[in-house]
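Novice:
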Amino acid sequence: MKTKELCRIISQEMIGPEIYSMWVQTDRIADQARPGQFVTLYSKDRSRMLPRPISLCEIGDDKKSIRLVYRVAGEGTREFSRLRSGDDIEVMGPLGNGFPMEEAQGKRVLLMGGGIGIPPMVETAKQLSGDVAAAMGYRDALFLTEELSRCASLYIATEDGSVGTAGNVMDAVRENHIRCDVIFACGPKPMLKAIVDYAGEHKIPCWISMEERMACGIGACLACTCQSKEVDGHSHVKNKRVCKDGPVFPASEVEL
Amino acid sequence: MNTKVNLAGVELKNPVMTASGTFGSGMEYSEFMDLSRLGAVVTKGVANVPWPGNPTPRIAETCGGMLNAIGLQNPGIDVFCERDLPFLQKYDTKIIVNVCGKTTEDYCEVVERLSDEDIDMMEINISCPNVKEGGIAFGQNPKAVEAITSEVKKRAKHPVIMKLSPNVTDIIEMAKAAEAGGADVLSLINTLTGMKIDINRRTFAIANKTGGLSGPAIRPVAVRMVYQTAQAVKIPIIGMGGIASAEDALEFILAGATAVSVGTANFSNPCAAADVIDGIEDYMNRFKVEDIKELIGAVK
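Protein chains in written order, with my numbering: chain W, -3 to 252; chain F, 17 to 316.
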């Protein structure tokens, strides 16, 4: 059950260039949340009407808190970044479907994230056991690498070549000869497209987390649609709702 | 205290409904609020066949509002009747089905199909700024407004609400045309056509280039149009445009609206419509208003 709660901020810190990490206390959201799901955050400024969707980076061990790692992309997220421990913020969630963790049981999993698509991979990695590889692509400065390397073999790609493979996540996968049975990915569309092509070539089951501009966040307004390959059971056209049917889709189901 | 209002013979338990397109068919919002609290649910526009809508991005936030160009994506009347109507019929609220089309025949097909269904009213969308054919094409010419209204009225077995566009020179002319065509009720306003440029990507913020502006930013325009229209026609008006609180809703009622719709505010608060109902009751208690009808059009 989704809820909208007024949450207390536990901590907030900048962990990268314009990248912030915020832990918030929740009554019910954390308890029901799964890796790959998201929440929406609401501005206190009433001239900003729309909630901002932010992926879940971590779920607290006590199931009473969540960690949100986000990039300041405009005035709304700038407002969030100025909140401090003890302040409150309205949060709705958990939203969306999350990664199909059961598909990864006992398999070699490859988690791939790019930019602000990296945060959801932390909780995903934490909840997977066994053979987990993580290939993460950064522009330049790194973040969340400690958390990721604690629960996965971490491979880094940087666009400027300052750390790890020079290039993108696919370059890191090829350079390190990473083998896997399942891929979970989240990141910008060109990255997802390259990953889906790779997965198709090697016949690796692959799930991707999509992003689109959202209004309601719960599947009512039909703003955040993506194109599906087949006619969708809900929309009866070739459209799926990223917020409700996703954000995670089997790579075979959606057009990029 | 009486909060009941009457729209063309349909009695609503209170004057608060949802604005078409912001509330789906209520399913998603039923997780947050009891739909039976609402005076009515106005569904998202439904056409004779499924419509895929516009490319994304379909929305952009603007100061005090948002632009949308969803493009009336809908699953078509068959799925709507099989899936959405039975869901809504479980609740103790009135059902108002919003109808869209590209041609007069499209509208009439949906209207005829709905005649056998257990609904309360129909709202005919002749004012969507985001679809090229139909929609707005009918809503900006008084002759076309009157003609489509009378075609729909010939076939409809339920009271007909015509939803008007604010993107016109003279709203009164359109309102009178709808009344002349036999409309039972008027809804106003739909969104105002707008545009936002993304200066970083140097392109339009939404793929459709233009979109409909909604939210508190448009409220004064909407209140003015409701007031002007209320002076000019005899049929009741459903007022909407940026209602986010009971205070906002009361402005519309005092300006002459018999009922109000909450739209964009549902996105910032999924319980917005219920909060508006509570707030209206508080206001009535505070000012010892026994019947909400005392407030309708009280500001001349």
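Every residue gets a Cβ at the ideal spot worked out from N, C-alpha and C, and that includes glycine.
(1) Around the Cβ of F:V176, are there at least 16 other Cβ atoms within 10 angstroms (buried) or fewer (exposed)?
(2) When the Cα atoms are used, what is the spatial distance from F:H174 to F:L180?
(3) Give the residues from the stretch 277 to 289 of chain F that approach chain W closer than 9 Å (Cβ to any Cβ), ordered along the chain.
(4) Distance, Cα to Cα, W:L106 vs W:I174?
(5) Go ahead and label W:L2 buried or exposed: buried means 16 or more other beta carbons lie within 10 angstroms of its beta carbon, across all protein chains shown.
(6) Alpha carbon to alpha carbon, how far is W:P47 from W:G82? Give it in angstroms, no decimals.
(7) Please tell me whether W:M108 has its Cβ less than 8 Å away from any Cβ of chain F.
(8) Any beta-carbon of chain W closer than 8 Å to the one on F:V21?
(9) Determine whether the Cβ of W:N164 lies closer than 8 Å to any Cβ atom of chain F.
(10) Tell me the DSSP bridge mates of W:A131?
(11) Taking C-beta to C-beta, are W:R104 and W:D177 nearer than 8 Å?
(12) Check whether the stretch 15 to 23 of chain W touches the stretch 60 to 78 of chain W, taking contact to mean three or more Cβ pairs, one atom from each stretch, closer than 8 Å.
(13) Using a Cβ cut-off of 7 Å, pull out every chain F residue sitting near W:K234, in sequence order please.
(14) For F:A319 and W:E75, what's the separation of their Cα atoms in angstroms?
(15) Is there contact here, the stretch 35 to 43 of chain F with the stretch 56 to 75 of chain F, by at least three beta-carbon pairs under 8 Å?
(16) Would the beta-carbon of W:A121 fall within 8 Å of that of W:V165?
(17) What residue from W:M10, W:T22, W:T(-1) has the CA that sits closest to W:R80's CA?
(18) For W:V214, decide whether its Cβ has a neighbour in chain F, counting only Cβ atoms nearer than 8 Å.
(19) With a Cβ-Cβ cutoff of 8 Å, do F:G258 and F:S230 count as a contact?
(20) Across which residues does DSSP place W:R67 in a beta bridge pair?
(21) Of all Cβ atoms in chain F, is any one closer than 8 Å to the Cβ of W:P47?
(22) Which residues share a DSSP beta bridge with W:C212?
(23) How is F:K192 classed by DSSP in three states: helix, strand or coil?
(24) First and last residue of the beta strand (DSSP E) that includes F:G155?
(25) In this structure, how does DSSP classify F:N18 when only helix, strand and coil are distinguished?
(26) Cβ of F:R218 less than 8 Å from any chain W Cβ?
(27) Is it true that the stretch 229 to 237 of chain W meets the stretch 83 to 94 of chain F, where meeting means three or more beta-carbon pairs spaced less than 8 Å apart?
(28) Cβ of F:Y45 less than 8 Å from any chain W Cβ?
(29) As a quick exercise: from F:E44, F:D294, F:P68, pick the residue whose alpha carbon is nearest that of W:G215.
(30) Going by the DSSP bridge assignment, what does W:Y38 pair with across the sheet?
(31) List the endpoints of the continuous alpha helix (DSSP H) containing W:L46.
(32) Buried or exposed for W:K199, please, with buried defined as at least 16 other CB atoms from any protein chain shown within 10 angstroms of its CB.
(33) Shorter than 8 Å from the beta carbon of F:C79 to some beta carbon of chain W?
(34) For F:N282, name the three-state secondary structure that DSSP assigns.
(35) Nearest CA to the CA of F:M17: which residue from F:E195, F:N30, F:L23?
(36) Within 10 angstroms of the Cβ of F:C79, are there 16 or more other Cβ atoms? Answer buried if so, exposed if not.
Specialist: According to the data block:
(1) Counted from its first residue, the second sequence places residue 176 of chain F at position 160. Looking at its Cβ environment, which holds 16 or more other Cβ atoms inside 10 Å, F:V176 is buried.
(2) Taking the second sequence and counting its residues from 1, one reaches residue 174 of chain F at position 158. Taking the second sequence and counting its residues from 1, one reaches residue 180 of chain F at position 164. Going by the C-alpha atoms only, they are around 19 Å apart.
(3) T280, A281, N282, F283, S284, N285, P286, C287
(4) For the purposes of this step, residue 106 of chain W is taken as the residue at position 110 of the first sequence. For the purposes of this step, residue 174 of chain W is taken as the residue at position 178 of the first sequence. The straight-line gap from Cα to Cα measures roughly 8 Å.
(5) On the first sequence, residue 2 of chain W is found 6 positions in, with the first residue counted as 1. It is exposed - the Cβ of W:L2 has fewer than 16 other Cβ atoms within 10 Å.
(6) Translated into positions along the first sequence, residue 82 of chain W becomes position 86. Translated into positions along the first sequence, residue 47 of chain W becomes position 51. In a straight line, the C-alpha of W:G82 is about 21 Å away from that of W:P47.
(7) Taking the first sequence and counting its residues from 1, the one referred to as residue 108 of chain W is at position 112. No - not a single Cβ of chain F is within 8 Å of the one on W:M108.
(8) Counting from one through the second sequence, the residue named residue 21 of chain F turns up at place 5. Chain W, which has no Cβ nearer than 8 Å to the Cβ of F:V21, makes this no.
(9) Residue 164 of chain W sits at position 168 when you count from the first residue of the first sequence. Output row for W:N164: interface = no.
(10) Sequence index remark: in the first sequence, residue 131 of chain W carries index 135 (1-based). DSSP, once it has assigned bridges, lists W:M108, W:Y151 as partnering W:A131.
(11) Mapped onto the first sequence, residue 104 of chain W falls at position 108. Mapped onto the first sequence, residue 177 of chain W falls at position 181. Closer than 8 Å, so yes.
(12) yes
(13) Indexing the first sequence from 1 puts residue 234 of chain W at position 238. Near W:K234 (Cβ distances below 7 Å), the residues of chain F are P68.
(14) The first residue shown for chain F is 17 and the last is 316, placing residue 319 of chain F beyond what the model contains.
(15) yes
(16) On the first sequence, position 125 is the one that residue 121 of chain W refers to. On the first sequence, position 169 is the one that residue 165 of chain W refers to. Contact: no.
(17) Mapped onto the first sequence, residue 80 of chain W falls at position 84. Looking at the Cα atoms, W:M10 is the closest of the given residues.
(18) Position 218 of the first sequence, counted from the first residue, corresponds to residue 214 of chain W. It is Ile, not Val, that sits at residue 214 of chain W in the sequence shown. With 8 Å as the cut-off, W:I214 counts as an interface residue toward chain F.
(19) For this step, residue 258 of chain F is matched to residue 242 along the second sequence. For this step, residue 230 of chain F is matched to residue 214 along the second sequence. In contact: F:G258 and F:S230 (Cβ atoms closer than 8 Å).
(20) By 1-based counting over the first sequence, the position of residue 67 of chain W is 71. Note: W:R67 sits in a beta bridge opposite W:I15.
(21) Within the first sequence, residue 47 of chain W is the residue found at index 51, counting from 1. Yes, W:P47 lies at the interface with chain F (some Cβ there is under 8 Å from its Cβ).
(22) Here residue 212 of chain W is taken as the residue at index 216 of the first sequence, counted from 1. Paired residue(s): none; W:C212 is not in a bridge.
(23) Here residue 192 of chain F refers to the residue found at position 176 when the second sequence is read from its first residue. Here F:K192 sits in helix by DSSP.
(24) For the purposes of this step, residue 155 of chain F is identified with residue 139 of the second sequence, where counting begins at 1. Here F:G155 belongs to no beta strand (DSSP E); instead the alpha helix (DSSP H) covers 152 to 155.
(25) For the purposes of this step, residue 18 of chain F is taken as the residue at position 2 of the second sequence. Here F:N18 sits in strand by DSSP.
(26) As a position in the second sequence, residue 218 of chain F is number 202, starting the count at 1. F:R218 does not count as touching chain W.
(27) yes
(28) One-based indexing of the second sequence puts residue 45 of chain F at position 29. Yes - at least one Cβ of chain W is within 8 Å of the one on F:Y45.
(29) Residue 215 of chain W sits at position 219 when you count from the first residue of the first sequence. It is F:E44 whose Cα lies nearest to the Cα of W:G215.
(30) Indexing the first sequence from 1 puts residue 38 of chain W at position 42. DSSP, once it has assigned bridges, lists W:E86 as partnering W:Y38.
(31) In the first sequence, the residue the question calls residue 46 of chain W occupies position 50. Where W:L46 is concerned, there is no enclosing alpha helix (DSSP H), given that its DSSP letter is neither H nor E.
(32) On the first sequence, residue 199 of chain W is found 203 positions in, with the first residue counted as 1. W:K199 is exposed by the Cβ-count criterion.
(33) On the second sequence, residue 79 of chain F is found 63 positions in, with the first residue counted as 1. Output row for F:C79: interface = yes.
(34) In the second sequence, residue 282 of chain F corresponds to position 266, counting from 1. F:N282 falls in the helix class under three-state DSSP.
(35) As a working mapping, residue 17 of chain F is identified with position 1 in the second sequence. The shortest C-alpha separation from F:M17 is found at F:N30.
(36) Your numbering for residue 79 of chain F matches position 63 in the second sequence. Exposed is the call here.
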